[in-house]
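**Student:** Protein chains in written order, with our numbering: chain A, 1 to 116; chain B, 1001 to 1115. Cβ atoms here follow ideal geometry from the backbone N, Cα and C, with glycine treated the same way.
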Amino acid sequence: DSGVTQTPKHLITATGQRVTLRCSPRSGDLSVYWYQQSLDQGLQFLIQYYNGEERAKGNILERFSAQQFPDLHSELNLSSLELGDSALYFCASSVGEWGRHTDTQYFGPGTRLTVL
Amino acid sequence: AQKITQTQPGMFVQEKEAVTLDCTYDTSDQSYGLFWYKQPSSGEMIFLIYQGSYDEQNATEGRYSLNFQKARKSANLVISASQLGDSAMYFCAMSENSGYSTLTFGKGTMLLVSP
Chain A
1 DSGVTQTPKH LITATGQRVT LRCSPRSGDL SVYWYQQSLD QGLQFLIQYY NGEERAKGNI
61 LERFSAQQFP DLHSELNLSS LELGDSALYF CASSVGEWGR HTDTQYFGPG TRLTVL
Chain B
1001 AQKITQTQPG MFVQEKEAVT LDCTYDTSDQ SYGLFWYKQP SSGEMIFLIY QGSYDEQNAT
1061 EGRYSLNFQK ARKSANLVIS ASQLGDSAMY FCAMSENSGY STLTFGKGTM LLVSP
């Protein structure tokens, strides 16, 4: 158990819908990262938050947005869902200290999203 | 160009034998970090081992060791005394000197351990 929690574990929805994925980081971690894992794209970084503020953005679609709340939990919102959004979405957390390459990211169990 | 290359889509090994999973990387940064993660069939991503670009010694964590060859830009994972529970997907990842610590992953290697 990494200490990172994600809910829900599975999500099945229809095209055009909107969903929210939730993540709670490990105790003491200030950084939260979101990754998408799909068969064709592999594991891709989406977005990072540090202590409530957006820090880095990766290959995140405009239909997707995220935020980190004062209690440090984070939510990833996916809207106008398409079939191609079906994937495993991971949240990871780390201490988040700037420039630390030893800053290991610990991953949650993931949310498997299926868009029908 | 791919930043992380894992050339072995699949590997087979017998229980109790050692196995090496290959990883090469591409970066122009002097300071970077290399990570290996394990993803069993249940789906979670488990951190295994870390190597910093300035670390002189190869990293080791129990049965896992990282064969770091900086000049060749390779960071191979060695698993000694394989166990059936080692059957999983293994990902190599890199964090570059952007300060953000975001990870770039390779496509992974599926390891199957047979009795």
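According to DSSP, what are the bridge partners of valine 1078 of chain B?
**Tutor:** To locate residue 1078 of chain B, count along the second sequence from 1; it is residue 78. Paired residue(s): B:Thr1020 and B:Ser1065.
**Student:** Buried or exposed for glycine 1106 of chain B, going by 16 or more other Cβ atoms inside 10 Å?
**Tutor:** What you label residue 1106 of chain B is simply residue 106 of the second sequence in a count that begins at 1. Per the 10 Å Cβ criterion, buried.
**Student:** Under a CB-based cut-off of 8 Å, is aspartate 40 of chain A close to chain B?
**Tutor:** By 1-based counting over the first sequence, the position of residue 40 of chain A is 40. False, the Cβ-Cβ gap to chain B never drops below 8 Å.
**Student:** Around the C-beta of phenylalanine 1068 of chain B, are 16 or more other C-beta atoms found within 10 angstroms, so that it is buried, or is it exposed?
**Tutor:** Residue 1068 of chain B sits at position 68 when you count from the first residue of the second sequence. The residue is buried, with at least 16 neighbouring Cβ atoms inside 10 Å.
**Student:** If you compare alpha carbons, which of A:Val19, A:Phe69 and A:Gly108 is closest to leucine 78 of chain A?
**Tutor:** Counting from 1 along the first sequence, the entry for residue 78 of chain A is found at position 78. Ranking the options by Cα distance to leucine 78 of chain A, first place goes to A:Val19.
**Student:** Pick from B:Leu1103, B:Thr1024 and B:Ser1031: whose alpha carbon is nearest that of asparagine 59 of chain A?
**Tutor:** Working through the first sequence from its first residue, we reach residue 59 of chain A at position 59. Out of B:Leu1103, B:Thr1024 and B:Ser1031, B:Leu1103 has the C-alpha closest to the C-alpha of asparagine 59 of chain A.
**Student:** Please say whether alanine 1071 of chain B and serine 1065 of chain B have beta carbons closer to each other than 8 Å?
**Tutor:** Counting from one through the second sequence, the residue named residue 1065 of chain B turns up at place 65. Counting from one through the second sequence, the residue named residue 1071 of chain B turns up at place 71. Not a contact, by the Cβ cut-off of 8 Å.
**Student:** Excluding sequence positions up to five away, which residues of its chain have a Cβ less than 6 Å from the Cβ of threonine 7 of chain A?
**Tutor:** Here residue 7 of chain A is taken as the residue at index 7 of the first sequence, counted from 1. Closer than 6 Å at the Cβ level, and outside the excluded window around threonine 7 of chain A, lie Arg22.
**Student:** Would you verify that the beta carbon of serine 1074 of chain B is, or is not, closer than 8 Å to some beta carbon of chain A?
**Tutor:** As a first step, residue 1074 of chain B is located in the second sequence; it is residue number 74 there, counting from the start. Output row for serine 1074 of chain B: interface = no.
**Student:** Is the segment 1086 to 1100 of chain B close to the segment 1032 to 1040 of chain B, with three or more CB pairs under 8 Å?
**Tutor:** Verdict: yes, contact present.
**Student:** Using a Cβ-Cβ cutoff of less than 8 Å, which residues in the same chain neighbour valine 95 of chain A once the five nearest sequence positions on both sides are dropped?
**Tutor:** Sequence index remark: in the first sequence, residue 95 of chain A carries index 95 (1-based). Once the five neighbours on either side are set aside, the close Cβ partners of valine 95 of chain A are Gly28, Asp29, Leu30, Ser31 and Asp103.
**Student:** Which one or two residues does DSSP pair with isoleucine 1049 of chain B in a beta bridge?
**Tutor:** In the second sequence, residue 1049 of chain B corresponds to position 49, counting from 1. Note: isoleucine 1049 of chain B sits in a beta bridge opposite B:Trp1036.
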